[in-house]
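Undergrad: With the numbering used here applied, the first sequence covers 76 to 939.
Where is the CB? At the ideal position from N, CA and C, for every residue including glycine.
Because the structure is a prediction, the values reported are computed rather than measured.
Supplied in structure tokens, the structure appears directly below.
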Amino acid sequence: MSSSDRPATRIPDKPSLDGIEDRWSHQWASDHTYSFDRSATRDQVFAIDTPPPTVSGSLHIGHVFSYTHTDIIARYQRMTGKSVFYPIGWDDNGLATERRVQNYFGVRCDPASRYVADFEPPFHGEPPKDHQAIAVSRANFIELCEELVAQDEKIFESVLRRLGLSYDWSLLYTTIDEHSRRVSQLAFLHNLSRGEAYTQDAPTLWDVDYKTAVAQAEMEDREVAGAYHQIAFHRSDGADIVIDTTRPELLASCVALVAHPSDERYKALFGTATATTPLFGVEVPILAHHLADPEKGTGIAMICTFGDTTDVTWWRELNLPARAVVGRDGRFIADTPWITDEKGQARYGELAGRTAKQAQKLMVTMLRESGELLGEPRPVMHPVKFYERGDRALEIVSSRQWYIRNGGRETDLRAALVARADEITWHPAHMQHRYTNWVGGLNGDWLVSRQRFFGVPIPVWYPVDPAGNPDYDNPIVPSESQLPIDPSADAPDGYTNGQRNIPGGFMGDADVMDTWATSSLTPQIAGRWEADPDLFERVFPMDMRAQAHDIIRTWLFATVVRSHWEHGAAPWRHAALSGWILDPDRKKMSKSKGNVVTPMSLLEQYSTDAVRYWAGSARPGVDTAYSEDQMKVGRKLATKLLNVSKFVLGLGQPETIGAATDPIDISMLAKLAAVVADCTAAFEGFDYARSLERTEAFFWWFCDDYVELVKTRAYRIPADVGALSAQVALHAALGTLQRLFAPILAFTSEEVWSWWQTGSVHRAPWPAPAEPAGGDPELLDSVSEAMAQVRRTKTEAKLSQRASVDLLVIEAPAELHAALVAGRSDICDAGSVTAFELREGPALRCLVTLSPSPTTAGERPPTS
RNA sequence: GGGCGCAUAGCUCAGUUGGUUAGAGCGCUUCCCUUACAAGGAAGAUGUCGGGGGUUCGAAUCCCUCUGCGCCCA
Numbered sequence: 076m077s078s079s080d081r082p083a084t085r086i087p088d089k090p091s092l093d094g095i096e097d098r099w100s101h102q103w104a105s106d107h108t109y110s111f112d113r114s115a116t117r118d119q120v121f122a123i124d125t126p127p128p129t130v131s132g133s134l135h136i137g138h139v140f141s142y143t144h145t146d147i148i149a150r151y152q153r154m155t156g157k158s159v160f161y162p163i164g165w166d167d168n169g170l171a172t173e174r175r176v177q178n179y180f181g182v183r184c185d186p187a188s189r190y191v192a193d194f195e196p197p198f199h200g201e202p203p204k205d206h207q208a209i210a211v212s213r214a215n216f217i218e219l220c221e222e223l224v225a226q227d228e229k230i231f232e233s234v235l236r237r238l239g240l241s242y243d244w245s246l247l248y249t250t251i252d253e254h255s256r257r258v259s260q261l262a263f264l265h266n267l268s269r270g271e272a273y274t275q276d277a278p279t280l281w282d283v284d285y286k287t288a289v290a291q292a293e294m295e296d297r298e299v300a301g302a303y304h305q306i307a308f309h310r311s312d313g314a315d316i317v318i319d320t321t322r323p324e325l326l327a328s329c330v331a332l333v334a335h336p337s338d339e340r341y342k343a344l345f346g347t348a349t350a351t352t353p354l355f356g357v358e359v360p361i362l363a364h365h366l367a368d369p370e371k372g373t374g375i376a377m378i379c380t381f382g383d384t385t386d387v388t389w390w391r392e393l394n395l396p397a398r399a400v401v402g403r404d405g406r407f408i409a410d411t412p413w414i415t416d417e418k419g420q421a422r423y424g425e426l427a428g429r430t431a432k433q434a435q436k437l438m439v440t441m442l443r444e445s446g447e448l449l450g451e452p453r454p455v456m457h458p459v460k461f462y463e464r465g466d467r468a469l470e471i472v473s474s475r476q477w478y479i480r481n482g483g484r485e486t487d488l489r490a491a492l493v494a495r496a497d498e499i500t501w502h503p504a505h506m507q508h509r510y511t512n513w514v515g516g517l518n519g520d521w522l523v524s525r526q527r528f529f530g531v532p533i534p535v536w537y538p539v540d541p542a543g544n545p546d547y548d549n550p551i552v553p554s555e556s557q558l559p560i561d562p563s564a565d566a567p568d569g570y571t572n573g574q575r576n577i578p579g580g581f582m583g584d585a586d587v588m589d590t591w592a593t594s595s596l597t598p599q600i601a602g603r604w605e606a607d608p609d610l611f612e613r614v615f616p617m618d619m620r621a622q623a624h625d626i627i628r629t630w631l632f633a634t635v636v637r638s639h640w641e642h643g644a645a646p647w648r649h650a651a652l653s654g655w656i657l658d659p660d661r662k663k664m665s666k667s668k669g670n671v672v673t674p675m676s677l678l679e680q681y682s683t684d685a686v687r688y689w690a691g692s693a694r695p696g697v698d699t700a701y702s703e704d705q706m707k708v709g710r711k712l713a714t715k716l717l718n719v720s721k722f723v724l725g726l727g728q729p730e731t732i733g734a735a736t737d738p739i740d741i742s743m744l745a746k747l748a749a750v751v752a753d754c755t756a757a758f759e760g761f762d763y764a765r766s767l768e769r770t771e772a773f774f775w776w777f778c779d780d781y782v783e784l785v786k787t788r789a790y791r792i793p794a795d796v797g798a799l800s801a802q803v804a805l806h807a808a809l810g811t812l813q814r815l816f817a818p819i820l821a822f823t824s825e826e827v828w829s830w831w832q833t834g835s836v837h838r839a840p841w842p843a844p845a846e847p848a849g850g851d852p853e854l855l856d857s858v859s860e861a862m863a864q865v866r867r868t869k870t871e872a873k874l875s876q877r878a879s880v881d882l883l884v885i886e887a888p889a890e891l892h893a894a895l896v897a898g899r900s901d902i903c904d905a906g907s908v909t910a911f912e913l914r915e916g917p918a919l920r921c922l923v924t925l926s927p928s929p930t931t932a933g934e935r936p937p938t939s
């Protein structure tokens, strides 16, 4: 750039961070600074797969933290000349939104209700506690979902813009929009046609409150209080077999007793003997299985259909009948044909209709009365499976669901999916173990159907036979051009809606897909797979997936599964996992503890760049303490960048653009070149924090030592060769520093860049680590050390740094003399030194004679 | 019970293949209104590198073990 096309500098008198975010985010929007250039070929593109936040919640500091990390990488890549594909989406489909809609409007979805046009919900936020939710039709419910997510998404967008995330907002998608529904259904139909998706009636983890199936990945263990109950079963010879159970209420669904094959106590009974259940008199076999734990209770357990996942294994592997007693509403069902004993039927009659909790209480009473409860229940804390969003323990019910094969039931597929992870570079590397560990521990395929409403419908219908039974094994599928479809509203080709749910007609699948079944396709959704093949080819496989490490098992794994099936490839080259934000006491931040801080207030209080600095200081993947102190440091750094830029640019620009000539200046530039090389290497390894650390350390040295040292020379009027050299070096260093900081301090860098450059710093080239000819980075070390000693002498004398020095004698080894001679004039200027003398000595040591009262540094041992 | 990670100054953290006397910032103490910055600057003090054992000429770093903490899973 020649000096003629430089804009005149326009430096404010009092630079400030206030208002900087609004100014630049508007400028970036109107300049399309972050637009993806889709004419770029694949090798010039850096494509990022970003996590769409769940809009039904609120953005918290953890989002700010991890989203900033991704943005820092995006900004670096953009500066290296890449066309950065950096989309954002909103994850608005799914249960979280439904729950928020219910709570916000005071409604609930009832598919049997009729649609009401222009429906007005009873409330808009904060319905009273005693409000009974109003039943609304599925269509009305979905309308309300759409209304609320649109509202929530506006707020999200304003926060993310304020945070300075350099998305190309024209690439925005939402997981419920038409395009996403189409992609999601299309991918599902591909899975179906290739045999990767299937439907099956099987025991399913079930949340009785949400009335939906739950996938393995959404389930969690919680320690809850329970009690062991010793219950006596009876053998035909009159002897009792005592079992221990925490779920006596399931006694009616008992299908067998089981003990370990090597358990001497029960060995003789296996396969030959039977026992009858207490109260109900149902005869069940006594069987052996290695999962029975001889150490637990009495060593023999009752198998119920189904009390827990072990029951499911036993039921499957021992070929047992299903005798379910808990219905999908969590209440005991009425119909139990396997109980033939009259007394037993009467007893069961009392249980029917009750919840598990009520049934347990009643069951204990009945067992106590019959004398079949031995002793008293023994309280115990034990792990119980919950849906991660649920409040009541999961039940296992038998139901028809859709699954996508994910290796949970096939060794070869599992191995292939584990191997896919080797195609990805993990940051940090150890995160790959979590993936491998999770995939290795799967014990079933991916359940993708959910009995909910606000989601992408499973895009199939079923023929209904003349007897009125749907044929689940031969689903009717739409053509791809029809997508997206809603089988609850649309009729398949060759049918009319009048044939819905009648013999000889059809039935629409009522379920929607799991939210992960759609979000696992974010690369395909954002990259406009099938809709825009030219674009997709330029961005897929993507360069980078960014996400937090807790959803490796869900989002990351599911995305790999879909890509494996659809493209036979890993979806990205790099996976960057960010850590958690922890409380100062190192607990995970949580709402319940009341310690969640709203991001907007922090951005306002400390400035966005200060918060970005805090995020950028944390090493990739490392859990990090929430620290406003770090934000204060970031604010100080940003302010310093403003001030030093003002100072350097205020020196006046050198008339001619030459090279620095003074060895001092060349030394500084050589040091800076090493920093640039470090930062570049760090960023290539996705380690933004290391780059920041290197840049920051150099920057403070630059401000405190170098600028102080040369400023008198740079000010010299009229400018001589030395002044010009200093000015050239200062400007060069400033331009480099502003660009090194740009990925982190996005707003401040842009502000100071705008004072003297055209165009955005975020579109400027990342600095090249070109070493100036003949630069000796160590030359300045001796000079800095000498200056530090002079400053120390003044501080210890409790004098101002301006205090003048009559005589400065420097003792130093001969090899340092050249450096000190080169720095002599600058040292004298910066230290207000009148006379300067250089002597031979074993170590660098300054003897400082202050005026008017002389002092020497020789009174204490020199530090160097 | 399994997988992964963490433990370094009062606090938050660096410390890259083992290599002088272990670093930074915050905080603390002292001083300085100095013409880029007082929302600033100059300087100072502060460590059993979680405990124990081992390898090595040499260990915060490698190995073993114990303890404590966190996340994910069973």
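What does the alpha-carbon distance come out to for the pair Val401 and Thr116?
TA: Position 326 of the first sequence holds residue 401. Position 41 of the first sequence holds residue 116. In a straight line, the C-alpha of Val401 is about 58 Å away from that of Thr116.
Undergrad: Let me know the beta strand (DSSP E) ranges lying completely inside the segment 446-520, each 3 residues or longer, listed in chain order.
TA: Entirely contained in the segment 446-520, the beta strand (DSSP E) runs reaching 3 residues are, in chain order, 448-462, 470-479 and 500-502.
Undergrad: List the DSSP bridge partners of Pro128.
TA: As a working mapping, residue 128 is identified with position 53 in the first sequence. Paired residues: none, contrary to the question.
Undergrad: Taking just the CA atoms, how far does Thr125 sit from Gly654?
TA: Reading the first sequence from its first residue, position 579 is the one you call residue 654. Reading the first sequence from its first residue, position 50 is the one you call residue 125. Taking the straight line joining both Cα atoms gives about 15 Å.
Undergrad: If you check the beta carbons only, do Pro842 and Leu744 fall under 8 Å apart?
TA: Mapped onto the first sequence, residue 842 falls at position 767. Mapped onto the first sequence, residue 744 falls at position 669. Not closer than 8 Å, so no.
Undergrad: What's the call for Thr634, buried or exposed, on a 16-neighbour Cβ count within 10 Å?
TA: The residue given as residue 634 occupies position 559 in the first sequence. Thr634 is buried by the Cβ-count criterion.
Undergrad: I need the straight-line Cα distance from Phe160 to Phe911, nearest angstrom please.
TA: For the purposes of this step, residue 160 is identified with residue 85 of the first sequence, where counting begins at 1. For the purposes of this step, residue 911 is identified with residue 836 of the first sequence, where counting begins at 1. In a straight line, the C-alpha of Phe160 is about 59 Å away from that of Phe911.
Undergrad: What is the residue span of the beta strand (DSSP E) that Arg914 lies within?
TA: Your numbering for residue 914 matches position 839 in the first sequence. That run of the beta strand (DSSP E) goes Val908 to Glu915.
Undergrad: Suppose you measure from the CA of Asn572 to the CA of Ile209; what does that come to, to the nearest Å?
TA: Sequence index remark: in the first sequence, residue 572 carries index 497 (1-based). Sequence index remark: in the first sequence, residue 209 carries index 134 (1-based). Roughly 28 Å between the two C-alpha positions.
Undergrad: Are there three or more Cβ pairs, one per stretch, closer than 8 Å when the segment 494-511 is compared with the segment 617-635?
TA: A contact exists between the segment 494-511 and the segment 617-635.
Undergrad: Give every residue of the same chain whose Cβ lies closer than 8 Å to the Cβ of His309, excluding the five residues on either side of it in the sequence, and list them in chain order.
TA: In the first sequence, the residue the question calls residue 309 occupies position 234. Same-chain partners within the cutoff: Asp315, Ile316, Ala350, Thr351 and Pro353.
Undergrad: Under the three-state reduction of DSSP, which class applies to Pro842: helix, strand or coil?
TA: In the first sequence, residue 842 corresponds to position 767, counting from 1. DSSP places Pro842 in coil when its eight states are reduced to three.
Undergrad: Note down, in chain order, each residue of its chain lying with its Cβ closer than 6 Å to the Cβ of Met76, except the 5 sequence neighbours on either side.
TA: Taking the first residue of the first sequence as 1, we reach residue 76 at position 1. For Met76, the predicted model reports a pLDDT of 39, less than 50, meaning its position is unreliable; a value from the coordinates is still stated below. So the list is empty, once near-sequence residues are dropped.
Undergrad: On the CB-based measure, 16 or more other CB atoms within 10 Å of its CB, does Lys746 come out buried or exposed?
TA: Numbered from its first residue, the first sequence carries residue 746 at position 671. Per the 10 Å Cβ criterion, buried.
Undergrad: Would you say Pro323 and Ile471 are within 8 Å of each other, going by their C-beta atoms?
TA: Position 248 of the first sequence holds residue 323. Position 396 of the first sequence holds residue 471. No, these two residues do not count as a Cβ contact at 8 Å.
Undergrad: Hey, out of Pro360, Ala409 and Arg406, whose CA is closest to Leu393's CA?
TA: In the first sequence, the residue the question calls residue 393 occupies position 318. Residue Pro360 is the option with its Cα nearest to Leu393.
Undergrad: Where Glu886 and Val896 are concerned, what is the direct C-alpha to C-alpha distance, given to the nearest angstrom?
TA: For this step, residue 886 is matched to residue 811 along the first sequence. For this step, residue 896 is matched to residue 821 along the first sequence. Rounded to whole angstroms, Glu886 to Val896 spans 12 Å at the Cα level.
Undergrad: Please state whether DSSP places His309 in a helix, a strand or coil.
TA: As a working note, residue 309 is residue 234 in the first sequence. It is a strand residue.
Undergrad: What's the C-alpha gap between Arg489 and Thr385?
TA: What you label residue 489 is simply residue 414 of the first sequence in a count that begins at 1. What you label residue 385 is simply residue 310 of the first sequence in a count that begins at 1. Cα to Cα, the separation comes out at about 22 Å.
Undergrad: Starting from the C-beta of His265, find all residues in its chain whose C-beta is less than 7 Å away, skip the five residues before and the five after it, and write them out in chain order.
TA: Residue 265 sits at position 190 when you count from the first residue of the first sequence. If we look at His265 and ignore the five residues flanking it on each side, its Cβ neighbours are Glu641.
Undergrad: Could you check what DSSP says for Ser594 in three-state terms: helix, strand or coil?
TA: Against the first sequence, residue 594 aligns to sequence position 519. Of the three classes helix, strand and coil, the one that applies to Ser594 here is helix, per DSSP.
Undergrad: Measuring straight from C-alpha to C-alpha, what distance separates Gln802 and Met862?
TA: Indexing the first sequence from 1 puts residue 802 at position 727. Indexing the first sequence from 1 puts residue 862 at position 787. Gln802 and Met862: Cα-Cα distance of roughly 21 Å.
Undergrad: Between Ser907 and the ligand MG, is there a pair consisting of the residue's CB and a ligand heavy atom that are separated by less than 7 Å?
TA: In terms of ligand content, the structure shown is empty, and the ligand MG therefore cannot be addressed.
Undergrad: Per DSSP, what kind of secondary structure is Pro87 in: helix, strand or coil?
TA: For this step, residue 87 is matched to residue 12 along the first sequence. Coil, per DSSP.
Undergrad: Straight-line CA distance for Ile306 to Ile408?
TA: Sequence index remark: in the first sequence, residue 306 carries index 231 (1-based). Sequence index remark: in the first sequence, residue 408 carries index 333 (1-based). Roughly 23 Å separates the two Cα atoms.
Undergrad: Under the three-state reduction of DSSP, which class applies to Val923: helix, strand or coil?
TA: Along the first sequence, one-based indexing puts residue 923 at 848. Three-state DSSP puts Val923 in a strand.
Undergrad: According to DSSP, is Pro360 part of a helix, a strand, or is it coil?
TA: Position 285 of the first sequence holds residue 360. DSSP places Pro360 in strand when its eight states are reduced to three.
Undergrad: Would Ile148 and Phe615 qualify as a contact pair, given that the criterion is a beta-carbon distance under 8 Å?
TA: Position 73 of the first sequence, counting from 1, holds the residue named residue 148. Position 540 of the first sequence, counting from 1, holds the residue named residue 615. Result no, Cβ atoms of Ile148 and Phe615 do not sit closer than 8 Å.
Undergrad: Can you tell which of Leu437, Ser133, Pro567 and Ala427 has the C-alpha that lies nearest to the C-alpha of Asp404?
TA: The count along the first sequence starts at 1 and reaches residue 404 at position 329. Nearest option by C-alpha distance: Ala427.
Undergrad: What is the DSSP secondary structure of Thr349, reduced to helix, strand or coil?
TA: Indexing the first sequence from 1 puts residue 349 at position 274. Thr349 falls in the strand class under three-state DSSP.
Undergrad: Is DSSP giving Leu332 helix, strand or coil here?
TA: Against the first sequence, residue 332 aligns to sequence position 257. Looking at Leu332 - three-state DSSP - the assignment turns out to be strand.
Undergrad: Just to confirm, is the Cβ distance from Ser800 to Gln813 under 8 Å?
TA: Along the first sequence, one-based indexing puts residue 800 at 725. Along the first sequence, one-based indexing puts residue 813 at 738. Not closer than 8 Å, so no.
Undergrad: Do Val940 and Ala894 have their C-beta atoms within less than 8 Å of each other?
TA: A question about residue 940 goes unanswered here, because the residues of the chain that appear run from 76 up to 939.
Undergrad: Sorted by chain position, which residues of the same chain lie with C-beta nearer than 8 Å to Pro87's C-beta, five sequence neighbours on each side aside?
TA: Here residue 87 is taken as the residue at index 12 of the first sequence, counted from 1. Correct list, in chain order: Lys721.
Undergrad: Just curious, the alpha helix (DSSP H) that Ala650 is in, first and last residue?
TA: If you number the first sequence from 1, residue 650 lands on position 575. Where Ala650 is concerned, there is no enclosing alpha helix (DSSP H), although the beta strand (DSSP E) it sits in stretches over Trp647 to Ser653.
Undergrad: Given a threshold of 16 other Cβ atoms within 10 Å of its Cβ, counted over all protein chains shown, does Ala564 qualify as buried or as exposed?
TA: Locating residue 564 in the first sequence gives position 489, where the first residue counts as 1. Exposed.
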